[in-house]
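**Student:** One structure follows; several queries about it will come next.
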Amino acid sequence: MNFRGISYYLGLLCLPISILSFINILYSSYFDYFLNINSYIVTLIISLIIGLILFFSGRNASRRIDFIEQLLLIFVTYLLISILISLPFYLSNYQVTFINSIFEAISGLTGTGFSIFENIKYLDPTLILWRSSSQWIGGLYFLFFLIIIFSNKQFKFKLNDLTYSGGGGIISETNVKNLLIRILIFYSMLSLIIFFMLNISGVRMFNSLNLSMSLISAGGFIPTDSLDKIIKSNFQKIIFVISLLISILNFFLVTNILQKRILIKEHKEDFFLIIIAIILTLLIFFNGYDLLDIIISVLSSLGNSGLSTIRVDNNLSLYFILITIIGGSLVSNTSGIKLIRIYILLKTAATEINKLVSPNSVVNRNLFDSERKITDENIKISFLIFISFFVSLFILSGILIVDNIGFEKSFKLSILTITNTTTSGIFLTEKMNFSNLLTTSKLSLIIFMIIGKIELISAFLLIKKIFFKD
């Protein structure tokens, strides 16, 4: 195991936390928010020291790490970065316990949006900005992992090879660096586009900044207690819908459009995602809710952010929760099983039924009528992901039931955790008090928030390598 090589990359991933800490120090100084400034100074120093130590300890080591070592890097990154991000929460004047601080940090990093704070509007603005920043950096890191690591040809369980991934899976170290820089530039550019659109629509600058970081990362943190206090006019709702679409669709779709390089054949998945979103909206169009509110709720559920401007009745809450299981594009910050995998399973089932009825019929294995073929390996992986999702759901629900929050809430919360979707009025879970949960429940939610983001099969592969080397 190349631990020094892992150390090198881990050190690099720690340094952006130092930059975020420095930005918060500047923000605190400029607007005279000195209540928690010392916590950001401590975070800056600790993240900088740890980052430099890890970087220099692995600088002269081999930087070629295999896929299992890359998986280990992902897990360690989530653990170490969450500890660094938790420091401002833990050192703040709000008397947040260490486990609650870690819970808030992991919730931000994975874009889940569960919060131990009850009244967000009374929080120190710098801490609100820090929460949003944790989502932004988590979304950026996940795109790095998704496009560079999960495009590995040895293990294709993310199925990135079935969709456009911007040239991922490149072996050359120089090309990998160029791709990482490209992702960073596009990710930052899209964040700024969302920020300016929200600001032009009349949303306050502070709220626009925080929302832009949440939306680009498909996160669930917002700078106030409810979204309808920020997004009010129809124009603001339209901008919000566009922003949600950016996070749901393939990350490289928008960049290709901006580069005037529209690759229709490479983005069939996005086309079908939009069709699915339209169908899901039409199914509940005549329920007495405003059309824009319905579109926001459907896209928010499909994109695993959970942000909504309305509260629905009990009949529709399960409908929106089930939508979260679908998820967005393979190459996006969204979670869930993903549309392509569901499509593969449904098409395979239909093909098997057709073979029974008409054994001599020609089998069509094209994906979305494109040139890409569905292989037996794709089918096996899709089925494995499908099974592992419900195994995770069963395990987490069983643990949460012990916390006396009821079967219905345990079931809903388990789905939201595994799909990295925040509690909301459209799921009738907006009043969850996470700070009062048992420690075992919090630890379980932390573990499954990470598993929901990188998927259970990653943990199985890593455990197999470490404990069953043969």
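The end of the sequence shown is residue 470 by this note's numbering, with every number in the run present. For each residue, glycine too, the CB sits at the ideal point set by N, CA and C.
#1: Could you pull out every residue in the same chain whose Cβ sits closer than 7 Å to the Cβ of F272, ignoring the five residues on either side in sequence?
#2: Can you say whether M1 is buried or exposed, counting buried as having 16 or more other CB atoms within 10 angstroms of its CB?
#3: Exposed or buried, what is I171 when buried is set at 16 or more other beta-carbons lying within 10 Å of its beta-carbon?
#4: Where do the ends of the alpha helix (DSSP H) carrying Y90 lie?
#5: For L12, collect the residues of the same chain with a Cβ closer than 8 Å to its Cβ; drop the 5 residues on either side in sequence, then sort them by chain order.
#6: Assign I183 to one of two classes, buried (16 or more other C-beta atoms within 10 Å of its C-beta) or exposed (fewer than that).
#7: Rounding to the nearest angstrom, what Cα-Cα distance links M205 and S62 in this structure?
#8: In this structure, how does DSSP classify N366 when only helix, strand and coil are distinguished?
#9: Quick one: what does DSSP say K409 is sitting in, helix, strand or coil?
#10: Given a threshold of 16 other Cβ atoms within 10 Å of its Cβ, counted over all protein chains shown, does E118 qualify as buried or as exposed?
#11: Could you tell me whether the segment 102-118 touches the segment 134-141, using the rule of 3 or more Cβ pairs below 8 Å?
#12: Which first and last residues belong to the alpha helix (DSSP H) in which V331 is found?
#13: CA-CA distance, Y8 and Y319?
#14: What residues in its chain sit with their C-beta under 6 Å from that of N420, if we drop five residues either side in the sequence?
#15: Determine the DSSP secondary structure at K232, reduced to helix, strand or coil.
#16: What separation, rounded to the nearest whole angstrom, lies between the Cα atoms of G168 and V176?
#17: Would DSSP call K442 helix, strand or coil?
#18: If I'm right that V312 touches G425 with Cβ under 8 Å, what's the distance once you round it to whole angstroms?
#19: Could you pull the DSSP bridge partners for K268 from this structure?
#20: Is F103 near I385, with beta carbons less than 8 Å apart?
#21: Return the first residue and the last residue of the alpha helix (DSSP H) that A218 is part of.
#22: Report all residues from its chain with a CB closer than 8 Å to the CB of I337; omit the five preceding and five following residues, and keep chain order.
#23: Taking the straight line between their C-alpha atoms, what separation do you get for M189 and I148?
#24: Let me make sure I understand the geometry here. Which of S82, Y40, A218 has the alpha-carbon closest to that of S301?
#25: Apart from the five residues just before and just after L393, which ones in its own chain have a Cβ nearer than 7 Å to its Cβ?
#26: Among S165, N314, I120, which one has its Cα closest to the Cα of K409?
#27: Here's a check: name, in chain order, each residue in its chain whose Cβ is nearer than 8 Å to the Cβ of T224, leaving out the five neighbours to either side.
#28: Who are K373's beta bridge partners in DSSP?
#29: What distance in whole Å lies between the Cβ atoms of F427 and I321, which are believed to be in contact at a cut-off of 8 Å?
#30: Compute the Euclidean distance between the alpha carbons of T555 and T348, then round it to the nearest angstrom.
#31: Give the secondary structure of L461 by DSSP, where H, G and I count as helix, E and B as strand, and everything else as coil.
#32: Tell me which residue opens and which closes the alpha helix (DSSP H) that S514 is part of.
#33: Considering Cα atoms alone, identify which of L345, I450, Y164 is closest to E371.
#34: Quick one: what does DSSP say N24 is sitting in, helix, strand or coil?
#35: How should G220 be labelled, buried or exposed, when 16 other C-beta atoms within 10 angstroms of its C-beta is the threshold for buried?
**Tutor:** Judging by the given coordinates:
#1: Closer than 7 Å at the Cβ level, and outside the excluded window around F272, lie L339, F368.
#2: With fewer than 16 Cβ atoms within 10 Å of its Cβ, M1 is classed as exposed.
#3: Note that I171 scores 47 on pLDDT, short of 50, meaning its location in the model is unreliable; the coordinates nonetheless yield the value given after this. Counting Cβ neighbours within 10 Å, I171 comes out exposed, since fewer than 16 surround it.
#4: For Y90, the enclosing alpha helix (DSSP H) begins and ends at 67-90.
#5: If you ignore the 5 residues before and after L12, its C-beta comes within less than 8 Å of the C-beta of G51, F55, all in its own chain and listed in chain order.
#6: Of the residues assessed, I183 falls on the buried side of the cut-off, its CB having 16 or more other CB atoms within 10 angstroms.
#7: The straight-line gap from Cα to Cα measures roughly 45 Å.
#8: Looking at N366 - three-state DSSP - the assignment turns out to be strand.
#9: Assigned with DSSP and collapsed to three states, K409 falls in helix.
#10: With fewer than 16 other Cβ atoms within 10 Å, it is exposed.
#11: Because the criterion of three Cβ pairs below 8 Å is met, the segment 102-118 and the segment 134-141 touch.
#12: Here V331 belongs to no alpha helix (DSSP H), and DSSP marks it neither H nor E.
#13: Between the alpha carbons of Y8 and Y319 lies a distance of about 45 Å.
#14: Take N420, set aside five residues on each side of it, and the residues of its chain with a beta-carbon closer than 6 Å to its own are T110, G111, T112, N304, S335, G452, K453, in chain order.
#15: Here K232 sits in coil by DSSP.
#16: Residue confidence is low: G168 scores 47 on pLDDT, short of 50, so the model does not pin down where it sits. No coordinate-derived value is stated.
#17: The three-state reading of DSSP puts K442 in helix, counting H, G and I together.
#18: V312 to G425, Cβ: 7 Å. Contact.
#19: Answer is none; K268 lacks a bridge partner.
#20: Not closer than 8 Å, so no.
#21: A218 -> no alpha helix (DSSP H), and no H or E assigned at all.
#22: Excluding residues up to 5 positions away in sequence, I325, I326, G327, I385, F386, F389 lie with their Cβ nearer than 8 Å to the Cβ of I337 in the same chain.
#23: Computed Cα separation, rounded: 20 Å.
#24: For S301, the nearest C-alpha among the options comes from A218.
#25: These residues qualify, in order along the chain: S414, I415, I418.
#26: Out of S165, N314, I120, N314 has the C-alpha closest to the C-alpha of K409.
#27: Closer than 8 Å at Cβ, skipping near neighbours: I120, K121, N207, I230.
#28: By DSSP's assignment, K373 forms a beta bridge with N366.
#29: Sure, about 5 Å apart at Cβ, within 8 Å.
#30: Because the chain in this structure spans residues 1 to 470, residue 555 falls outside the shown range and cannot be described.
#31: Three-state DSSP puts L461 in a helix.
#32: With the chain represented from 1 up to 470, any question about residue 514 goes unanswered, as that position is not in the structure.
#33: In this structure, Y164 is the residue among L345, I450, Y164 with its C-alpha nearest to the C-alpha of E371.
#34: N24: helix per DSSP, three-state reduction.
#35: G220 should be labelled buried.
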